[in-house]
Each structure stands twice: as C-alpha cells, then as structure tokens.
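What follows is one structure encoded as structure tokens, with my remarks underneath.
4 protein chains.
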Amino acid sequence: MSKGRLEAFSDGVLAIILTIMVLELKVPHAADLNALIPLAPKFLSYVLSFVYIGIYWNNHHHLWQAAKGVNGPILWANMHLLFWLSLIPFVTGWMGENNFALMPVVFYGGVLWFAGLAYYILTRAMIAHHGQDSLLAEAIGRDTKGLWSLIFYTIAMPLAFFAPWVAASLYVAVAIMWLVPDRRIETKLRK
Amino acid sequence: MSKGRLEAFSDGVLAIILTIMVLELKVPHAADLNALIPLAPKFLSYVLSFVYIGIYWNNHHHLWQAAKGVNGPILWANMHLLFWLSLIPFVTGWMGENNFALMPVVFYGGVLWFAGLAYYILTRAMIAHHGQDSLLAEAIGRDTKGLWSLIFYTIAMPLAFFAPWVAASLYVAVAIMWLVPDRRIETKLRK
Amino acid sequence: MSKGRLEAFSDGVLAIILTIMVLELKVPHAADLNALIPLAPKFLSYVLSFVYIGIYWNNHHHLWQAAKGVNGPILWANMHLLFWLSLIPFVTGWMGENNFALMPVVFYGGVLWFAGLAYYILTRAMIAHHGQDSLLAEAIGRDTKGLWSLIFYTIAMPLAFFAPWVAASLYVAVAIMWLVPDRRIETKLRK
Amino acid sequence: MSKGRLEAFSDGVLAIILTIMVLELKVPHAADLNALIPLAPKFLSYVLSFVYIGIYWNNHHHLWQAAKGVNGPILWANMHLLFWLSLIPFVTGWMGENNFALMPVVFYGGVLWFAGLAYYILTRAMIAHHGQDSLLAEAIGRDTKGLWSLIFYTIAMPLAFFAPWVAASLYVAVAIMWLVPDRRIETKLRK
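Protein chains in written order, with the numbering used here: chain G, 7 to 197; chain X, 7 to 197; chain V, 7 to 197; chain U, 7 to 197.
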C-alpha cells in the first residue's frame, strides 16, 4: 500500500487548517489604525498557531520521508492526529477573541496535548509496521522532544490558573524548541 | 487515462469538506466554560461526520489502489459521490445546531444513504470498466458492509420519528462497523 | 517545463471552489421542514454550479492528458480561466439568494460566458505551443461544443430580460450537453 | 530530501488563499444592479490580489523547477513566505471594504513588502543549499525584478499619505512588471 495519497490528503488538511485560521481575523469596518488594536491578540494567537501547524507539517514531512508503507492502524492514527489539529483554528480563535483568558488558554494547551499524544501514537503505529530495527524506528528514536512537549503542556495548563500568560509563554517555548529542525531523521537517512 | 488527478481532486474535496465543518463551531464571545456548553451537540455532530469522511477517504483510497484506469462514467460516478459528501457539512451543522432534533437527524441519514448509494454506483462503474474477473471486482466482492450500511440507514430514518437518538445511535453503529479497516482489498492485493 | 504542478494547483482551486459554495447554504436555526424551504433556490443554484465545476474539471483533465508541456502564456491563460471560475461561488450565491431574479441570472450567464471564453483562449495557447499538427490540436479540433456554449450563453442573457427562467433553462441545457463526456480526446489518444 | 511535498503543500496553501478571498465579496441581499455598486472597490481589490497570488505561484513554480533538494532552512523560509501571503486576504478585504483608504493601502503595501522580502530570503536559502555556481543560482541571478519590487513598495507606502491611489497604482505597476513571465530560469534550463 503506497503512502502517496496519505501524504497528499494530510498536506491538504494541514494547508486548509493553516489558511482558514486567517478568517478569524475579521476585516474591520473602520479604516484607521485604532480598528486594528482589538485584532492584536487574535493576530498573536494566529502567529503562534501558524508556527505550530508549520512544525507539525515539517515533522510529518520528515517522518513519512523515512516511511515505506501504510496499513490500517497507521491510516487511522494519522486521521486521529488530523482530528486534533483540526480543532486548532477553534481554540486559536477563542484564545484570540478573549485576549488570552484562562479557559481558552487551558483548552489551547489541551488541544496541543492531544495532538502531541496523537503524533506519538502515530510514530508507534509506524514503528510497529516497519519493525523495531528499521531505519524509521532508529530515526524516530526515543522522540525526546515529543515527550518534553507533552510534559511542558502538562505543566502549563495548571499554571494557567495562576497566570494565563505563563502557560502561553510555555507554548511559545515549546514552539521555539521545535523550530530547530529535527536533524535526527535527516542524519539517519544520509548514512 | 490515468487515475492520478481523479485521486488528487477527490483528496482535495474530502480534505476541504473535513476542515470546513469545523467552521460551524463558532468561536464563543465569552471565555468561561459555560460558553462551551451550547457547542456540545455541534461538537458531537462534528466528531461523527469527521469519522464518516475519514471512512470514505479510507475506502476510496483502498478502492483506487486496486484500480487501473478511469473512463467517463467512472469520473461522473465519483463526482456524484463527492456531491453527496459535500452536503455533509450542511446536515452536520443543522443537526448540531438543533441538538439532534427529528428533521435534521432524518436528513443526515438521507445524505448518508445517498452517499452510500453513490459509492455503490461508483464500485459498479469501476467493475464494469475493469471486468467481472478483474482483481478489482474480486477485491470489492459483494460489498456486504456497503449493503448493510444502506439497510441500517433505511431502518434508522423512520425510527427517528419515534426517537431521534435511536437513529443517531444507528449512524454511530455503522461508523464503528466501518472503523474496522476493510481488509478484503488489502488481502487480495497481497496475493 | 512540467505540467504536474499546474494540474495540482488547478485541482486545488477547483476543489475549493466546489466546496466553499456549500457554505452559502447557511444552516437554519429552526429544525422543521419549513426552515428548508427558503434554501430550495439556493440548493438548485448549488447543484447547477456543482455540475458546471465538475464539467470544467472533467474537460481540464481531458485537455491536459494530451498536453506535453507548459509555457508562460499557457500558465496565465490557465490562471485567467481560474479567475472566472472563482467568481462562480459569488454568482451562485447571488442567484440562489434572490430566487433566480433577473440581474443575478444575467451575471451568472456572464461569468459562464467569460469562463467559456477563457477556456477557449487556453486551448488556443496550448495549440500554439504544441503545434497545429500535434495530437493535442487534432484532439481539440474545432471545439464545437465550446463554441455552441458561448452562443447559448449569448442568447440566454438577453432572454433573461423577458423571463429569467428561460435563461436559467438554457444554462441547464448547456450543462446537459457537456455531461455527455468529451470522447474526442479519448478517441484520439487511443489510436 | 525530496521537494515534492513542499511544492504540493505550497500549492495547497496558495490555492486556498486565492479562493477564500472571494468570500469577502459578500452576496448582496438585493437583486438589482445598485446592490453591486458597493462591491466595486472590493472587486478591484480582489482582482489585484488574485494577480499577485498568481504571480507568486508562477515564480514559485519556476524557482522550484530548477531546485534539486530541500533542507531545514529552506522549509522554514518557504513557510515564512506563506505566512505573509496568508495575510493577503485580510488586507485585500480591508482595502476593499474601505474603498482604498489610507491605512489599508499602507498595510497592503506592507504585506507585499514582507512577502517580497520573504521571497528574497527563500532564494538566498536555496542558493546557499545548491551552491553559488549551481544552475539555480545562475538562473535566479541578481533578481533585479524582486529588488525593484521592494523599492517600489518602499516608495509607495509613504506616498499613500499624500494620495492613496498613487500607492495603489504603484502596486498595479509592479504587478504588470511581473506579468511579463520570468524568462531567466526558462532560458537557463533550456541550455
């Protein structure tokens, strides 16, 4: 079973998620600078989510580069990941609309947490299919960054109850950690 | 005539259907948990439709894996399937907006019914093109699951007049039946 | 210069045009059948435009099947075609919203007319690139159907001033004429 | 690392940006010609942005034609370009909604400026990866058009404070300059 259509479908869904988020930046009726001020938190929220979707696309791209085939569990693990990512436009809009208030920030973290878990499940399903001693398994390795992300989100969500901006800063920190591209798979493939 | 563009176009349409459904989850203006309560039925409705589109993508992917070519009737049978699937965001939104009320539940079932029929017609058009003794025809076989789905929808719609949740439960039951991946084609291809 | 990306980009644009039209079918707040009645003209308008986009995708698919390469004028002729098709969701919504009233019906015809012209220009640009004695030129031939479509639209628009439904019926008639798949290119390719 | 998915993802994002802009042309409730008059500036704004996205797609297509591979910095430089292009629907809507008023025209220019810069950064990242004496580097050359575009935008934005239409005319002039297809890469590839 070929991986081409799974990649194409995932690309499509990620491209649409990325782009419809901008629809939450509603065009103001006034033409002065003041009309943009209420959009500032929505814009920050958009930038953060744009970077997160970019990171997921990037990692997904690297992951499937090393993959050789697809089976039923992998298809559904991938669909499960897309489900959580599809909720990002909603929590992005909610967080921006309410100026990084408590509950939206917690739910944003929750969606990131489940997306991170879904990505982890996907890597396990792929390793199970390719074998523990495959190039793919070796390339994924212990996925330290993925585990650290989940730990950060788990810490961030309760911290939001003290100060939402602390949680939001932790989400930004995780994004920065990922922006350093994942050289593990590239390195393994080059050998 | 190659099948590549038909797959790419179908992938695009399915990816967009999947993703625009989330736009029905309108971002609430309030930031507290209560603001999410009215979204609960919309969210359940979204999850169900997400799974259904996932199932259709999955089956479409399996089906075309075994296909070798395309002709005019197949192109239009595929377009006909996409038409009914394109109505899913509308009935999903209507069902969620009205908390699984009678008429939306009946129409949701109606759209599933026509989509199921359209899928059946597509398989017949493909068997007619590939021949009754082709790998594809053998792999599709009697399509027992597809026929059972149509029977379930047919039973569910009148039952909705007694209790809409019974019909909705049957839609869920059909989805669960399909979540077990279709190993028929995979098995045939492996031989 | 390869044609793959031009096909992929056109597929993406056509898939999105097809799917965002359904967003004009606004989810009603009431759950009874009466709530659907005002949607009837919008639904008819949607079905007509769905078929037209399907026809364009179908013909585009056939056309590029026979193409070997791309140059600058072809790229822009294709973009020009996509521009007119991108206006179809707007005129579809306007025509449905106003129950097939005079001006929306005239503008719908106008967009179809310009899309038809743009398609014609695209075929000429492709023939100019491939040569008058190429397989592609032979396959396109005199494009009788395309010319008849333009003539029909030209007749339909003034007729709308007497009775909009006459013009709308002519648009339906042209769609039916195209639904018979274009065997010219298929036939030529088979030789 | 293959370039296929990066092209497919970029195509998807550009196709969606192109198409969701038309959603800003809100369907009027009235059916007469007067109902279209307030849409005129939105339509002009849409046409300009459609042409700009077309130009970016066109140049992106040419650029990657000559590319052989992808690395981390290129992936993120491309994502950075898509970010600025994703803001085009917002500034297009704002400029159209406010009839080419001062601030929207300035911000439209600002987004074009950053998109132009992002494209320039992308070409540098690609040259760094392929080498200064690669076909790609030679084909991109000094990118005179790209630099002139940035200079034009830089002049246009302050001029908008005297007369917004002067700035808007300069944006149109830059678009016309680009509509002449970029023969540099084509010419180099042909050798």
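Just so you know, even glycine gets a beta-carbon here, dropped at the ideal spot from N, CA and C.
Taking X/Phe-120 as the centre and dropping the five residues before and after it, the same chain places the C-beta of Trp-90 closer than 6 Å to its C-beta, in chain order.
Nearest CB-CB separation between X/Trp-171 and chain V: not below the 9 Å threshold.
Around the beta-carbon of U/Asn-40, fewer than 16 other beta-carbon atoms lie within 10 Å, marking it exposed. Taking a 10 Å sphere around the C-beta of U/Thr-98, we find 16 or more other C-beta atoms and assign the residue as buried.
In terms of Cα proximity to G/Val-178, the closest of G/Arg-11, G/Val-19, G/Tyr-58 and G/Leu-42 is G/Tyr-58.
Only exposed fits X/Arg-148, as fewer than 16 other CB atoms lie within 10 angstroms of its CB. A contact is defined here as three or more CB-CB pairs under 8 Å, and the segment 161 to 178 of chain X fails this definition with respect to the segment 25 to 38 of chain V. Restricted to the segment 109 to 178 of chain G, the alpha helix (DSSP H) segments that are unbroken, complete and at least 4 residues in length are 141 to 146 and 150 to 165, listed in chain order.
Under the DSSP assignment, X/His-35 falls outside any alpha helix (DSSP H); it carries neither an H nor an E label. Secondary structure remark: continuous beta strand (DSSP E) runs of at least 3 residues inside the segment 37 to 84 of chain U: none found. Its chain contains Tyr-159 as the residues whose beta carbon lies nearer than 6 Å to that of U/Leu-118, once the 5 sequence neighbours on both sides are disregarded; these appear in chain order. With a cut-off of 8 Å on Cβ pairs, the segment 17 to 32 of chain U is in contact with the segment 12 to 24 of chain V, counting three or more such pairs. X/Met-101: member of the alpha helix (DSSP H) spanning 94 to 103, first to last residue. The way I'd put it, the segment 47 to 62 of chain X doesn't touch the segment 130 to 142 of chain X; fewer than three beta-carbon pairs between them come closer than 8 Å. Using a Cβ distance threshold of 9 Å, V/Pro-95 and V/Glu-30 count as a contacting pair. It is roughly 41 Å from the alpha-carbon of G/Ser-140 to the alpha-carbon of X/Ile-127. DSSP places X/Val-19 inside the alpha helix (DSSP H), whose first and last residues are 10 to 26. When only Cα atoms are considered, U/Gly-137 and U/Ala-73 end up about 11 Å apart.
The C-beta distance from G/Lys-48 to G/Gly-116 rounds to 20 Å, too long to meet the 8 Å contact threshold. The Cβ neighbour count for X/Ala-46, taken over all protein chains shown within 10 Å, is under 16; the residue is labelled exposed. The beta carbon of G/Phe-56 sits closer than 9 Å to some beta carbon of chain U. CA-to-CA, the gap between G/Trp-63 and U/Ala-83 works out to about 14 Å. Counting only Cβ-Cβ distances below 9 Å, X/Trp-70 has no contacts in chain V at all, with the closest Cβ about 15 Å away. Proximity of U/Gly-137 to chain G, defined by a Cβ-Cβ separation below 9 Å, is not satisfied.
Of G/Met-183, G/Ala-169 and G/His-86, the smallest CA-CA separation from G/Asn-105 is found for G/Ala-169. Around the CB of U/Val-76, 16 or more other CB atoms lie within 10 Å, so the residue is classed as buried. Relative to G/Ile-61, the option among U/Glu-144, U/Met-183, U/Met-109 and U/Gly-78 whose CA is nearest is U/Gly-78. With fewer than 16 neighbouring CB atoms inside 10 Å of its own CB, X/Phe-167 falls in the exposed class. Taking 9 Å as the cut-off, the Cβ atoms of U/Ser-155 and U/Gly-122 count as close. The beta carbon of G/Leu-20 sits closer than 9 Å to some beta carbon of chain U. The straight-line gap separating the alpha-carbon atoms of U/Met-109 and G/Ile-43 is approximately 13 Å. Its chain contains Met-27, Val-28, Glu-30, Leu-31, Thr-98 and Gly-102 as the residues whose beta carbon lies nearer than 8 Å to that of G/Tyr-52, once the 5 sequence neighbours on both sides are disregarded; these appear in chain order.
In this structure, U/Ala-181 lies away from U/Val-112, with their beta-carbon atoms at least 9 Å apart. For X/Gly-99, the chain V residues whose Cβ falls inside 8 Å of its Cβ are Val-33, in order along the chain. With its beta carbon at least 9 Å from every one in chain X, G/Leu-165 lies outside the interface. Annotated three-state conformation of G/Ala-181 is helix, per DSSP.
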